[in-house]
Amino acid sequence: MKIVYSDKLAARYPANPVESPDRVALPAKLLRECGYELVDFGPASIEDIARVHGREHIELVRKMGLYEPAALAAGGAITAAELALAGQPAFALLRPPGHHASANRAWGMCCFNSMAIAIKRVQPAARRALIIDIDLHYGDGTASIFRGDPDVKLVNPWAVDESFEYLNMDESRYLMQVEDAFLGFEPDIVAVSAGFDTYLQDWGGLLRLEDYHKIGRSIREGSKSCKGRRFALLEGGYHPDLKWCIKSFLEGFQ
Ligand SMILES: [Zn+2]
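Using this note's numbering, read the sequence shown as starting at 21 and increasing by one per residue.
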């Protein structure tokens, strides 16, 4: 299991205060201490970004002073996807998040859709992609980019803003949704939009550390149908326990 991380991700840029550099720097420190190998990377090219986003949106991100951090996050996503394709499972510690970015709009602290950029980059080699989005919030940007694409299956288990069912579910039903994501689809690669804001102490108030372990393990098991090709990208997650959530997820996912 490789951890995709760059010290450049800790740069300050105009952002909501909850989306702080510590969200990636502290997990990177912990995972390094735990013996994980960290892999550095560079930004995505304009060609990679333009495969997903329109020119006006790219210019808007540039005017907001967010092009460099957003292109860097997209580059980390590509690195994680390419490692997965080469048989090395990977987890990318990234910021800003990306799953609320569609082709021409973005909100929710997102700029470029790093997941979509990575999937489109590796699709010539891994055509059918299963994306499991475990963030608390519905990945509307990713859904909009891949809407109508029969080669991409996107599953958001009980996102809080997708279904009023959220308040009625428990962690075992959540896990069942993750397992069911693999039904009826044979992917060439499995990707996880790994947000941790469904955590018990975070906004979602539901999943415990051991649930993240189970989710990671379930996705690892499911990915055996595509030679274990799997990678995950950090999306949301704002509680100081974020590093423990990631560590627990990785213990199952690796
Ligand atoms: Zn979220």
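For every residue, glycine included, the Cβ atom is placed at its ideal position computed from N, Cα and C.
In the three-state reduction of the DSSP assignment, Leu92 falls in the helix class. Under the three-state reduction of DSSP, Val210 is assigned to strand. Leaving aside the five residues that flank Tyr258 on each side, the residues in its chain whose CB is nearer than 8 Å to its CB run, in chain order, Val38, Glu39, Arg43, Asp217, Asp222 and Trp223. Here the alpha carbon of Leu156 sits roughly 30 Å from the alpha carbon of Ala145. Relative to ligand 1, the beta carbon of Glu255 is positioned inside 7 Å of a heavy atom. Selection Asn176, Asn133, Asp171 and Ile137 evaluated against Gly161 yields Asn133 as nearest (Cα-Cα). Shown here, Leu227 sits in a strand according to DSSP, grouped into three states. In the DSSP assignment, Glu76 falls within the alpha helix (DSSP H) that extends over Arg75 to Lys83.
In this structure, Gly74 has its beta carbon at no less than 7 Å from each heavy atom of ligand 1.
With a beta-carbon spacing of about 4 Å, Pro63 and Gly95 fall inside the 8 Å limit used to define contacts.
For Phe166, the enclosing alpha helix (DSSP H) has its first and last residue at Asp160 to Phe166. In this structure, the beta-carbon distance from Phe166 to Val175 does not fall below 8 Å.
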